[in-house]
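Here the structure is laid out as structure tokens; the discussion comes afterwards.
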Amino acid sequence: MTVEIRQLGLSDRREAAAIAALCYPYLDPELRFQESDVDDHVRVFGEGAFAAVVDGVLVGFAVGWLMDFDLDDPGHRLEDVMEPDQHDPEGDWYYGLDIAVHPECRGMGIGRSLYEARKDLVRTLGRRGIVAGGMIPGYRAVQDELTPFEYVAQVVTGERRDPTLSFQLSNGFAVHGLLPRYVDGTAGRGIATLLVWDAPGASG
22 MTVEIRQLGL
32 SDRREAAAIA
42 ALCYPYLDPE
52 LRFQESDVDD
62 HVRVFGEGAF
72 AAVVDGVLVG
82 FAVGWLMDFD
92 LDDPGHRLED
102 VMEPDQHDPE
112 GDWYYGLDIA
122 VHPECRGMGI
132 GRSLYEARKD
142 LVRTLGRRGI
152 VAGGMIPGYR
162 AVQDELTPFE
172 YVAQVVTGER
182 RDPTLSFQLS
192 NGFAVHGLLP
202 RYVDGTAGRG
212 IATLLVWDAP
222 GASG
């Protein structure tokens, strides 16, 4: 099996939206990736929108903007950064918005390939790195037993595994705090981790 990473295109609209619905059923539909979002990303920053294709079929995608991001004052919600006017061509950071892999295609290296495409873009553009809000879907099952801080700490140390955060940590991201009201939804009470990947050699 060969995974091809290319730029996301307008012809991917329906398939990308369908994958997002499968991956994020707990999100408010207004926050979930839609067909019209493909149009926005292709138009505004197509260079930062990636498609993963296997045998000609879209199986995953990743999109984001360039922006200046203050790590000393990182509090924000997804709705604060998801609109196209947040893209700043001169921004120091690539803000990773949506990334999704079809559930039937997980474990095939597709997510890792999409993360590597983002990293390659950051290196090519000479930016500081990648920042993102990462959901912690595994927290939902233990949210009456652990605080979000306790849960994330256990995932970071390897004591516990989260299907999303553990994968992000394995791809070189570090947790720089929590975003307590990142989304309105049922998964983990809307809490997300603030994830950062620093590009090697980048200056702050």
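Quick note: the sequence shown uses my numbering, first residue 22, plus one each step.
Built from N, CA and C at the ideal position, the CB exists for glycine as well.
Between the alpha carbons of residue i and residue j, how many angstroms are there, rounded?
{"i": "Asp101", "j": "Tyr47", "result": "19 angstroms"}
{"i": "Val84", "j": "Gly211", "result": "21 angstroms"}
{"i": "His123", "j": "Val74", "result": "11 angstroms"}
{"i": "Gly132", "j": "Phe194", "result": "14 angstroms"}
{"i": "Pro201", "j": "Thr214", "result": "8 angstroms"}
{"i": "Phe228", "j": "Glu171", "result": "Because the chain in this structure spans residues 22 to 225, residue 228 falls outside the shown range and cannot be described."}
{"i": "Glu25", "j": "Ala138", "result": "11 angstroms"}
{"i": "Asp113", "j": "Asp89", "result": "5 angstroms"}
{"i": "His62", "j": "Arg182", "result": "32 angstroms"}
{"i": "Val196", "j": "Val177", "result": "8 angstroms"}
{"i": "Cys126", "j": "Gly77", "result": "14 angstroms"}
Pull up the CB-CB distance for residue i and residue j, whole angstroms please, since I reckon it's below 8 angstroms.
{"i": "Tyr115", "j": "Ile151", "result": "5 angstroms"}
{"i": "Leu87", "j": "Asp109", "result": "6 angstroms"}
{"i": "Leu31", "j": "Ala37", "result": "Contact doesn't hold; Cβ gap of about 10 angstroms is too wide."}
{"i": "Leu135", "j": "Gly81", "result": "6 angstroms"}
{"i": "Leu79", "j": "Asp33", "result": "5 angstroms"}
Any idea what DSSP makes of residue i, helix, strand or coil?
{"i": "Gln164", "result": "coil"}
{"i": "Gly179", "result": "coil"}
{"i": "Phe194", "result": "coil"}
{"i": "Gly147", "result": "coil"}
{"i": "Asp205", "result": "coil"}
{"i": "Ala213", "result": "strand"}
{"i": "Gln68", "result": "According to the sequence as given, residue 68 is Glu; it is not Gln. Helix, per DSSP."}
{"i": "Ile40", "result": "helix"}
{"i": "Phe188", "result": "helix"}
{"i": "Glu56", "result": "helix"}
In the DSSP assignment, what are the bridge partners of residue i?
{"i": "Met88", "result": "Trp114"}
{"i": "Gly81", "result": "Ala73 and Val122"}
{"i": "Val152", "result": "Tyr116 and Val217"}
{"i": "Ile26", "result": "Ala73"}
{"i": "Leu199", "result": "Thr214"}
8 angstroms is my cut-off, CB to CB: does residue i come that close to chain B?
{"i": "Ile157", "result": "Of the protein chains in this structure there is only one, and it is not chain B."}
**Asked** Okay, do the segment 163 to 176 and the segment 135 to 151 touch, 3+ Cβ pairs below 8 angstroms being the bar?
**Response** Not touching, per the Cβ criterion.
**Request:** Mind the definition here: the segment 93 to 112 touches the segment 26 to 45 only if three or more C-beta pairs lie below 8 angstroms; say whether that holds.
**Result:** no
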